[in-house]
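Trainee:
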Ligand code: HAM
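In this note's numbering, the protein residues as written are 202 to 611.
(1) Are there 16 or more other CB atoms within 10 angstroms of the CB of residue 216, so buried, or fewer, so exposed?
(2) Using the Cβ count rule (16 or more neighbours within 10 Å means buried), how would you classify residue 312?
(3) Looking at the structure shown, is residue 441 part of a helix, part of a strand, or coil, going by DSSP?
(4) Of all the options 590, 332, 274 and 315, which has the alpha carbon lying nearest to the alpha carbon of residue 306?
(5) Using the beta-carbon count (16 or more within 10 Å), is residue 436 buried or exposed?
(6) For the candidate residues 580, 506, 272 and 209, whose alpha-carbon lies nearest to that of residue 536?
(7) Short check: CB of residue 613 to CB of residue 467, under 8 angstroms?
(8) Where do the ends of the alpha helix (DSSP H) carrying residue 293 lie?
(9) Express the C-alpha separation of residue 522 and residue 401 in angstroms, rounding to a whole number.
(10) Kindly examine the ligand HAM and report whether one of its heavy atoms sits closer than 7 angstroms to the Cβ of residue 322.
(11) Is the beta carbon of residue 348 less than 8 angstroms from the beta carbon of residue 404?
(12) Quick one: what does DSSP say residue 567 is sitting in, helix, strand or coil?
(13) In chain order, which continuous runs of the beta strand (DSSP E) of length 3 or greater are located wholly inside the stretch 546-603?
(14) Using alpha carbons as the reference points, say which of 602, 413, 439 and 575 lies closest to residue 340.
(15) Quick check: is any heavy atom of the ligand HAM less than 7 angstroms from the C-beta of residue 225?
(16) Do you know offhand how far residue 489's Cα is from residue 309's?
(17) Any heavy atom of the ligand HAM closer than 7 angstroms to the CB of residue 504?
(18) Return helix, strand or coil for residue 299, following the three-state DSSP convention.
(19) DSSP state of residue 412, grouped into three classes?
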């Protein structure tokens with residue numbers, strides 16, 4: 202019996218693989234410009250890392266983690282996100298000992314056992330970045346600008362929503378007030394939110410169910426619970442964003458699904474890909490490094506879902522045109538092999554037609570590869586332009602290379 206892929210997992214190939222690479226490469230170029238350094242993090246971590254960072258009561262930890270015992274009896278998890286690992290590495294590798302501040306970026310697969318739907322998978326991929334050691338709202342503004350730069354370079358439009366969650370102490374007071382409020386309206390909430398009132402009242406605020414939205418319309422607002430300096434910080438950030446010409450919407454319901462955030466949170470959202478419209482998200486987490494055993498270190502970061510970005514890209518920008526090299530008969534195989542090598546050395550995208558057969562079958566294959574030019578290798582090699590149908594004869598195969606170079610490289 203044929204074996205199928207596991208539910209929620211995907212093969213990314215063909216044009217989708219091109220889009221995937223285009224996104225990662227574009228993001229890398231932007232990270233590079235902002236002077237971020239790459240960190241390649243493990244896919245498996247001690248499960249307690251996520252419990253202590255993402256939060257015991259979050260959906261991710263409660264319902265979505267791939268947890269298992271390895272052969273040595275360790276309780277490990279496939280990482281559901283990258284921030285916790287980045288923080289662990291920051292502490293474990295003693296990066297803080299160098300002083301100053303640190304800017305890291307990463308890319309790769311994340312795993313969450315969610316209900317699969319368009320834009321939501323059980324294995325998905327993120328590009329993300331984290332900054333350790335700065336508390337100035339300058340860094341919040343710069344990070345948001347960097348995400349915007351990536352989206353702009355990909356040609357993706359998304360609206361930016363921001364909010365502030367303040368510090369843990371005021372948030373706790375706010376959560377108590379919110380809980381009191383929600384208890385009164387509990388009967389009108391959806392079943393999931395009924396349990397959230399106790400465990401995670403903030404999440405009730407961003408529930409998508411209409412009745413929950415309505416019953417929280419007059420709920421207390423976090424900004425009424427924050428001390429002056431947290432508000433000032435938020436005001437400063439908004440000022441910086443305006444100065445950078447970045448439009449944003451303040452959304453007091455934006456609370457995020459991970460517990461580690463403090464002060465700034467933000468999401469870039471689009472309506473174009475259905476319910477799973479958040480393409481990039483992040484915020485500040487000034488207490489997390491300390492919570493995980495490191496020295497007090499303010500930090501912030503973001504991650505974007507590559508699959509969601511893929512859904513928003515029509516086409517990757519044009520690549521170099523393909524030339525297919527066809528030895529007319531086996532006796533020209535060696536010449537064709539050498540010619541193809543030379544073309545690749547000169548930077549040309551080249552397919553040496555590897556399969557023997559009739560010329561007709563070879564041309565069929567060349568078409569399937571998307572050949573823009575075909576070189577027929579024989580005594581007198583010929584170059585065919587597949588778009589115009591024009592055919593030219595050359596003295597030697599090398600002569601063709603000079604002519605082709607100008608036509609295929611973009
Ligand atoms: P997150 O909001 O959980 O944040 O995920 C970030 C992005 O990953 C989402 O906005 C979405 O684009 C994508 N994503 C999440 N789950 C899925 C899924 N099941 N299928 C497809 N795409 C998905 C974080 O992960 C934080 N670590 C972000 C961060 C970094 N905060 C501070 N630093």
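Ideal Cβ positions, reconstructed from N, Cα and C, are used throughout, including at glycine. Owing to the predicted nature of the structure, the values given are computational and were not obtained by experimental measurement.
Mentor: Put simply:
(1) exposed
(2) buried
(3) helix
(4) 332
(5) exposed
(6) 580
(7) Residue 613 cannot be examined here, being either before or after the span of the chain that is shown, 202 to 611.
(8) 284-293
(9) 54 angstroms
(10) yes
(11) no
(12) helix
(13) 550-553, 574-578, 583-586 and 592-594
(14) 439
(15) no
(16) 22 angstroms
(17) yes
(18) helix
(19) helix
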